[in-house]
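Student: Mind looking over this structure? Questions follow.
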Amino acid sequence: MLLRTSLVATMAMLSFPALGTPSILPPEVQWQDQRKGDVHHDEWDTSTESSGFQSSPTYTAAIDFLSRLSKASPLISLHRFGETSQGRGIFYAKASKGGSPRPTVLIQAGIHAGEIDGLDAGLMLLRDIAVRGRADLLDAVDVVFIPVLNVDGHAAASPLGRPSQRGPAQKGTRTNSQGLDLNRDYARIESPEARAVVGLLHQLDPALYIDVHASDGTDYQYDVTWAFAGWGTYARSRSTADWLMSAYSRDIKDALVAAGNVPAVYPSWVNEDSPSQGLRISVESPRYSTGYGDFIGVPTVLIENHRFKGYRQRVLGTYAFMEQSLRTVSRDASAIEQAKVADRAMRPPNIAVRWERDPVPLEYREFQTYRYDDYISSASGARELLWTGQSEVQRLPVFGTRVTESAPLPIAWLIPPGNQNIVDLLHTHHIITEPVPGDRTTRVELVRMANGLQRTGFNRSQAIVQLPAGTLRVPTDQPLRLLAAALLEPSSQDSILAMGWYDRALPAESPLPRHLLAPLADEMMKSNADLRAEFEVTLASNPAFAADPQARLRWWEVRSAYGERTFWTYPVLSQREL
């Protein structure tokens, strides 16, 4: 009873204004909407418009609205393309004039169900196309719209959801019902939602893929920002990144400025607790939507609406972003296709697996921010920031990344039988595999390690092995070579090893006990002058090694006849010569 009373008292002390956001948010800066003359009021108003952008519909209401549109207009069709772990259907709506194939713009909302701006903007856009005279937007493109990807998270919406965001009144969860962040699951595909959207991506091969979010981070004046792999720095699909960085970003910026928004390429801070240190650009991993698009050669854009801006401002900004995207893709369809073909024809010899922030700035930017005060918090006992809502401009450095480690790609990877989980993952990603005919003897590179928890410092060696029947070959001469490398190269941070698939894997034998290993090492040292000389060089050059009895004995063990059996062998072999 005491616990319940305390909980009720605590909840009563919390203050939640109408939009469900706590009063600790920075001051809201009023927005001058340039589109007031475009507002209609009829039976096709969305529930969000009817509420004055105070609320957002439930998933059932959103699908019902799209179903009504599909019955009212031949331009709209509704399709189920997946099911969540809780049994809810995952739908997309397609807007098309039919006839000859057109490039597709794939728009996705609600991968993080609390960041739901894209749902409401997309419903408005498809409504305007279907029944309010905007069908001209489909003259040269088709639109596929996923209203909510994280359907289970959306069903868990609460007034307490995402308290750091201004509106709508109820917000869903960041993770799905399995506790997975779907925007970290594109490479792993552990969730049914990621499996569904990856399958749809490969089915559609869109000219543009848009993933709509609301930002985390600090306060600044920009309301609609966007990001993509390779702006100003490292990209796997350079040609599509160049189009995104030039023609596309110019069009988006101009359209948003005309609509009264304050747009920019998405800023990530070097240190959120010290904004004056500047902004950074990170390498995109295939676990993210933007990184996955970069790896498969699909132009992919992440919209990051600023969470402290009002919900109406964010939704209408997203609408303008989507509308201009359709116009730009309609105009540039041929150039986009050429860029995709060029990127997929590239055969880079290696894959970057480690990188760091480049200390030399790419550029300096006049950054439109707000002034902040700092103070010592009684709660944290440390310096904290308090944003004031007072505009200012700071000149900030923008830092890129530089590659610190790359893995050379083989001619092919070989997957012996008994590894169906690897094969299934590759096939889900549409990576090409081919059977190895019969029993075949070939030279391969083996990767051995102490156990499946090891992530660096692998033991690589060449061996002649007989490949058993059922072995699959994954050639690197294919468009998705870098995605295959990201999954199969053990040093990759998105490999099946890094995913933790083999965390419980152990060597075939336990190491020899010291009381047996020491006499063996002493005997080897006496009988093998070459090994003794190599050992003495290692002792002289590595004082830490010289002072570690266990490391010294292990050095001899791995070079003994028993050494190979004290390693676990990674199940993917590399073929580096024909």
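So the sequence shown is numbered by the working numbering: it starts at 8 and just counts up by one.
The beta-carbon is built from N, C-alpha and C at its ideal position, and this holds for glycine as well.
None of these values were measured; they are calculated from a predicted model.
Which residue comes first and which comes last in the alpha helix (DSSP H) that contains PHE72?
Tutor: Taking the sequence shown and counting its residues from 1, the one referred to as residue 72 is at position 65. Its alpha helix (DSSP H) spans residues 66-79.
Student: From ALA242, GLU564, PHE406 and LEU489, pick the residue whose C-alpha is nearest to that of ALA194; which is it?
Tutor: The sequence position of residue 194 within the sequence shown is 187, counting from 1. The option with the nearest alpha carbon to ALA194 is LEU489.
Student: Identify, in the order they occur along the chain, each residue of the same chain with its Cβ nearer than 7 Å to the Cβ of ARG521, setting aside the five sequence neighbours on each side.
Tutor: Position 514 of the sequence shown holds residue 521. Contacts found: LEU560.
Student: Counting pairs of Cβ atoms below 8 Å between the stretch 201-208 and the stretch 253-269, do you hit three or more?
Tutor: As far as the Cβ criterion goes, the stretch 201-208 does not touch the stretch 253-269, which means the pair count is below three.
Student: Using only the alpha-carbon positions, how far apart do HIS437 and ARG539 sit?
Tutor: Within the sequence shown, the letter at position 430 stands for residue 437. Within the sequence shown, the letter at position 532 stands for residue 539. About 50 Å.
Student: Ordered along the chain, which non-local residues of its own chain (more than five positions away) have a Cβ less than 8 Å from that of PRO423?
Tutor: Numbered from 1 along the sequence shown, position 416 holds the residue referred to as residue 423. Excluding residues within five positions, the ones whose Cβ falls inside 8 Å are LEU474, PRO475, GLY477, THR478, PRO578 and LEU580.
Student: Using a Cβ distance threshold of 8 Å, determine whether the stretch 501-517 contacts the stretch 455-467, with at least three qualifying pairs required.
Tutor: yes
Student: Identify, in the order they occur along the chain, each residue of the same chain with its Cβ nearer than 7 Å to the Cβ of ASP365, setting aside the five sequence neighbours on each side.
Tutor: In the sequence shown, counting from the first residue as 1, residue 365 sits at position 358. Correct list, in chain order: PHE406, GLY407, THR408 and ARG409.
Student: Taking just the CA atoms, how far does VAL443 sit from GLY125?
Tutor: Position 118 of the sequence shown holds residue 125. Position 436 of the sequence shown holds residue 443. Their Cα atoms are separated by approximately 46 Å.
Student: Can you have a look at HIS86 and say buried or exposed, based on whether 16 or more other CB atoms are within 10 angstroms of its CB?
Tutor: Within the sequence shown, the letter at position 79 stands for residue 86. Exposed, because fewer than 16 other Cβ atoms sit within 10 Å of the Cβ of HIS86.
Student: On the premise that SER296 lies in contact with ASN190, defined as a C-beta separation below 8 Å, what is that separation, rounded to the nearest angstrom?
Tutor: For the purposes of this step, residue 190 is taken as the residue at position 183 of the sequence shown. For the purposes of this step, residue 296 is taken as the residue at position 289 of the sequence shown. The beta-carbon distance between ASN190 and SER296, rounded to whole angstroms, is 6 Å. This is short enough to meet the 8 Å contact definition.
Student: Looking at the structure shown, is ASN466 part of a helix, part of a strand, or coil, going by DSSP?
Tutor: By 1-based counting over the sequence shown, the position of residue 466 is 459. Strand, per DSSP.
Student: Any idea if ILE70 is buried or exposed, counting beta-carbon neighbours within 10 angstroms, 16 or more meaning buried?
Tutor: As a working mapping, residue 70 is identified with position 63 in the sequence shown. Flag for ILE70 reads buried.
Student: Should ALA568 be labelled buried (16 or more other beta-carbon atoms within 10 Å of its own) or exposed?
Tutor: Locating residue 568 in the sequence shown gives position 561, counting from the first residue. Around the beta carbon of ALA568, fewer than 16 other beta carbons lie within 10 angstroms, which makes this residue exposed.
Student: Short of 8 Å in beta carbon distance, which residues of its chain neighbour TRP38, apart from the five on each side in sequence? Order them along the chain.
Tutor: Mapped onto the sequence shown, residue 38 falls at position 31. ASP230, GLY267, LYS316, GLY317, ARG319 and GLN320.
Student: Check whether the Cβ atoms of THR67 and PRO199 sit closer than 8 Å, and answer yes or no.
Tutor: As a first step, residue 67 must be located in the sequence shown, where it is residue number 60. As a first step, residue 199 must be located in the sequence shown, where it is residue number 192. For THR67 and PRO199, no; Cβs fall outside 8 Å.
Student: Rounded to whole angstroms, what is the Cα-Cα separation between ALA120 and SER62?
Tutor: Translated into positions along the sequence shown, residue 120 becomes position 113. Translated into positions along the sequence shown, residue 62 becomes position 55. Spanning the two alpha carbons is a distance of roughly 14 Å.
Student: Could you pull the DSSP bridge partners for TYR216 from this structure?
Tutor: Position 209 of the sequence shown, counted from the start, is the residue given in the question as residue 216. Beta-bridge pairing links TYR216 to LEU113 and THR307.
Student: With H, G and I counted as helix, E and B as strand and the rest as coil, what does DSSP make of VAL472?
Tutor: Start at 1 with the first residue of the sequence shown, and residue 472 comes out as number 465. Here VAL472 sits in strand by DSSP.
Student: Suppose you measure from the CA of LEU432 to the CA of ILE196; what does that come to, to the nearest Å?
Tutor: Position 425 of the sequence shown, counted from the first residue, corresponds to residue 432. Position 189 of the sequence shown, counted from the first residue, corresponds to residue 196. LEU432 and ILE196 have their C-alpha atoms spaced approximately 8 Å apart.
Student: Around the Cβ of SER387, are there at least 16 other Cβ atoms within 10 angstroms (buried) or fewer (exposed)?
Tutor: For the purposes of this step, residue 387 is taken as residue 380 along the sequence shown, with counting starting at 1. SER387 comes out exposed.
Student: Out of curiosity, what's the CA-to-CA distance linking PRO24 and SER171?
Tutor: Residue mapping note: residue 24 aligns to position 17 of the sequence shown, counting from 1. Residue mapping note: residue 171 aligns to position 164 of the sequence shown, counting from 1. A caution first: PRO24 carries a pLDDT of 45, below 50, which makes its placement in the model unreliable, though a value can still be read off. Computed Cα separation, rounded: 13 Å.
Student: Can you name the residues that DSSP bridges to LEU85?
Tutor: Translated into positions along the sequence shown, residue 85 becomes position 78. In the DSSP output, where bridge partners are listed per residue, LEU85 has ALA100.
Student: Contact between the stretch 380-398 and the stretch 353-367 is defined here as three or more beta-carbon pairs at a separation below 8 Å; is this criterion met?
Tutor: Taking 8 Å as the limit for Cβ pairs, the verdict is that the stretch 353-367 does not touch the stretch 380-398.
Student: Take THR232 and list the residues in its own chain whose beta-carbon comes closer than 8 Å to its own, dropping the five residues that flank it on each side.
Tutor: In the sequence shown, the residue the question calls residue 232 occupies position 225. In the same chain as THR232, and ignoring 5 residues on each side of it, the C-beta atoms closer than 8 Å to its own belong to SER222, PRO270, ALA271, VAL272, TYR273, PRO274, ILE310, GLU311, ASN312 and HIS313, in chain order.
Student: Taking PHE60 as the reference, give the member of PRO34, LYS104 and ARG173 with the closest Cα.
Tutor: One-based indexing of the sequence shown puts residue 60 at position 53. Answer by Cα proximity: ARG173.
Student: Nearest-angstrom Cα distance between THR576 and GLN331?
Tutor: If you number the sequence shown from 1, residue 576 lands on position 569. If you number the sequence shown from 1, residue 331 lands on position 324. Approximately 52 Å, taken between the alpha carbons.
Student: Would you mind reading off the limits of the beta strand (DSSP E) that contains SER581?
Tutor: Against the sequence shown, residue 581 aligns to sequence position 574. First-last of the beta strand (DSSP E) with SER581: 580-582.
Student: Is PRO550 helix, strand or coil when you go by DSSP?
Tutor: Taking the sequence shown and counting its residues from 1, the one referred to as residue 550 is at position 543. Of the three classes helix, strand and coil, the one that applies to PRO550 here is helix, per DSSP.
Student: Can you say whether LEU487 is buried or exposed, counting buried as having 16 or more other CB atoms within 10 angstroms of its CB?
Tutor: Stepping through the sequence shown from its first residue, residue 487 is reached at position 480. Buried, by the Cβ-count rule.
Student: Here's a check: name, in chain order, each residue in its chain whose Cβ is nearer than 7 Å to the Cβ of VAL336, leaving out the five neighbours to either side.
Tutor: Position 329 of the sequence shown holds residue 336. PRO110, VAL112, VAL148, ALA214, LEU215 and ILE343, listed in sequence order.
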